[in-house]
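Colleague: Shown below is the structure under consideration.
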Amino acid sequence: MRNHFVRNNAEILAASSYVIQDPPALRGHYRERLGAPRLNLEIGTGKGRFLTDAARAVPSEGWIGVERIGSVLCKAAGALDRLIPAAALHNICLIRSEAEDLPDYFEPGEIDALYLNFSDPWPKAKHAKRRLTSARFLSLYERILAPGGILYLKTDSDILYSFSLEELPARGWTILASEDDYRPDAGDTSVQAIPTEYELQFRKEGRPIHMLRAQCPASAGQPEADHPAGSTPGRTNEEGAAAHA
Ligand SMILES: C[S@@+](CC[C@H](N)C(=O)[O-])C[C@H]1O[C@@H](n2cnc3c(N)ncnc32)[C@H](O)[C@@H]1O
13 MRNHFVRNNA EILAASSYVI QDPPALRGHY RERLGAPRLN LEIGTGKGRF LTDAARAVPS
73 EGWIGVERIG SVLCKAAGAL DRLIPAAALH NICLIRSEAE DLPDYFEPGE IDALYLNFSD
133 PWPKAKHAKR RLTSARFLSL YERILAPGGI LYLKTDSDIL YSFSLEELPA RGWTILASED
193 DYRPDAGDTS VQAIPTEYEL QFRKEGRPIH MLRAQCPASA GQPEADHPAG STPGRTNEEG
253 AAAHA
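Residue numbers (the working numbering): 13 to 257.
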């Protein structure tokens with residue numbers, strides 16, 4: 013799916029009431045901000061379709077979308093800003109950021125559930141460290157997730173799916189469920205059954221969707237001594253094209 017550059021994306025994001033302009037300043041206060049006792053985080057939220065539908069479906073919980081590309085996130089922000097006041101969502105916010113920076117924004121244990129929907133698969137073995145379920149990223153999630161927090165993953169990529177099924181248990185995560193060909197029943201009201209933008213496209217093309225749910229180790233929510241700030245894997249914009257190739 014092509015994403016077009018939006019020239020004034022920074023202005024749109026700066027003007028949106030849904031975008032957190034200074035995420036570290038809210039560290040430890042996202043529950044108050046969203047008026048919710050539980051926080052869900054989607055990394056790579058794209059244009060925000062899943063996040064918005066989830067925030068409507070579960071209004072008692074908070075929904076935070078993180079996306080690295082401004083031209084993409086401004087579509088999510090624009091759609092939310094265009095809601096009439098009566099339909100405004102108070103339990104959702106957006107952050108423009110790389111996943112690598114999450115521990116700067118959230119206190120240990122602040123997040124209850126994490127969603128990775130159709131994350132870039134980085135199919136080449138030499139790029140495996142960039143996959144959002146690689147050990148380096150899992151160590152970041154272990155810092156911000158509450159003990160026993162859940163990671164929900166959906167992907168069309170065989171490589172990312174099988175990689176995740178190996179990588180998660182290797183770091184002490186428990187696989188709670190996994191399906192090679194995930195087809196939620198029509199009456200399924202679970203959040204994971206809410207289709208994402210990419211998912212709708214892939215289903216139209218007849219591609220099987222893989223799903224897994226995993227629980228993080230009980231030791232989660234602790235700052236990690238061997239992972240100092242600044243040592244996380246960086247990524248440049250030029251690398252984006254290789255994420256799917
Ligand atoms: C394939 S799209 C999926 C979008 C959406 N989740 C969906 O299912 O429709 C992956 C998104 O993740 C974002 N992304 C990839 N790596 C990221 C990272 N390290 N931090 C934040 N966002 C990232 C990309 O910019 C892209 O918008």
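Positions of the beta carbon are idealized from the N, C-alpha and C atoms, including for glycine. Owing to the predicted nature of the structure, the values given are computational and were not obtained by experimental measurement.
Measuring only from the beta carbon, is N129 closer than 7 Å to any heavy atom that is part of ligand 1?
Modeller: Yes; taking the cut-off as 7 Å, the Cβ of N129 has a heavy atom of ligand 1 nearer than that.
Colleague: For G246, count neighbouring C-beta atoms within 10 Å of its own C-beta (all shown protein chains included) and say buried if the count is 16 or more, exposed if not.
Modeller: Unreliable positioning characterises G246 in this predicted model, as indicated by a pLDDT of 38, which lies under 50. The coordinate reading is nonetheless provided below. The residue in question, G246, is exposed, as its Cβ has fewer than 16 Cβ neighbours within 10 Å.
Colleague: Once you ignore the five residues that flank L114 on each side, which residues in its own chain have a CB closer than 6 Å to its CB?
Modeller: Cβ neighbours of L114 beyond the five flanking positions: L152 and I156.
Colleague: To the nearest angstrom, how far is the alpha carbon of M223 from that of D200?
Modeller: Rounded to whole angstroms, M223 to D200 spans 15 Å at the Cα level.
Colleague: Just to confirm my understanding: we take L56, look at its own chain, exclude 5 residues before and 5 after, and list those with CB closer than 6 Å. What are they?
Modeller: Checking the sequence shown, residue 56 turns out to be Gly, not Leu. Correct list, in chain order: S131.
Colleague: On the premise that Y127 lies in contact with L53, defined as a C-beta separation below 8 Å, what is that separation, rounded to the nearest angstrom?
Modeller: Contact holds; Cβ gap of about 7 Å.
Colleague: Using a Cβ-Cβ cutoff of less than 8 Å, which residues in the same chain neighbour R215 once the five nearest sequence positions on both sides are dropped?
Modeller: Counting only Cβ-Cβ distances below 8 Å, and skipping sequence neighbours, we find P207 and I221.
Colleague: Helix, strand or coil for G242 per DSSP?
Modeller: The predicted model places G242 with a pLDDT of 34, which falls under 50 and marks its position as unreliable; any figure quoted below should be read in that light. G242 falls in the coil class under three-state DSSP.
Colleague: Kindly give me the distance between the Cβ atoms of G82 and R108, rounded to whole angstroms, as I take these residues to be in contact under 8 Å.
Modeller: Confirmed, about 6 Å.
Colleague: Suppose you measure from the CA of I104 to the CA of Y210; what does that come to, to the nearest Å?
Modeller: Cα-Cα distance, rounded: 20 Å.
Colleague: Does ligand 1 have even one heavy atom less than 7 Å from the beta-carbon of Y210?
Modeller: Checking every heavy atom of ligand 1 against the Cβ of Y210, one is found closer than 7 Å.
Colleague: Under 7 Å: does the beta carbon of D132 sit that close to some heavy atom of ligand 1?
Modeller: Indeed, a heavy atom of ligand 1 lies less than 7 Å from the Cβ.
Colleague: Do V203 and V84 come within 8 Å of each other at the CB atom, strictly closer than that value?
Modeller: The answer is no: Cβ separation not under 8 Å.
Colleague: Using 8 Å for Cβ pairs, my map puts E122 next to L51. What's the rounded Cβ distance?
Modeller: The pair is a contact, with the Cβ atoms about 6 Å apart (cut-off 8 Å).
Colleague: Straight-line CA distance for R162 to D124?
Modeller: Strictly speaking, residue 162 in this sequence is Ile, with Arg absent from that position. The alpha-carbon atoms of I162 and D124 are separated by roughly 7 Å.
Colleague: Would you mind working out which of A100, G77, F149 and P120 sits nearest L106, comparing C-alpha positions?
Modeller: The candidate whose alpha carbon is nearest that of L106 is G77.
Colleague: Can you tell me whether E141 is buried or exposed? The criterion is at least 16 other CB atoms within 10 Å of its CB, across all chains shown.
Modeller: First, the amino acid is wrong: residue 141 is Lys here, not Glu. Under this definition K141 is an exposed residue.
Colleague: Please determine, among S231, P196 and L180, the residue with the shortest C-alpha to C-alpha distance to A158.
Modeller: The candidate whose alpha carbon is nearest that of A158 is S231.
Colleague: Considering Cα atoms alone, identify which of V18, A89 and F62 is closest to A205.
Modeller: If we check each option's Cα against that of A205, F62 comes out closest.
Colleague: Taking Cβ positions, are L188 and R219 nearer each other than 8 Å?
Modeller: Result no, Cβ atoms of L188 and R219 do not sit closer than 8 Å.
Colleague: Determine the direct distance from the alpha carbon of N129 to that of T167, and round the result to whole angstroms.
Modeller: Spanning the two alpha carbons is a distance of roughly 6 Å.
Colleague: Would a C-beta distance cut-off of 8 Å place A137 and R183 closer than the cut-off?
Modeller: No, they are not a contact pair.
Colleague: Using C-beta distances below 8 Å, list every residue in its chain close to E119, excluding the 5 sequence neighbours before and after it, in chain order.
Modeller: Only R39, G40 and I156 meet the Cβ criterion.
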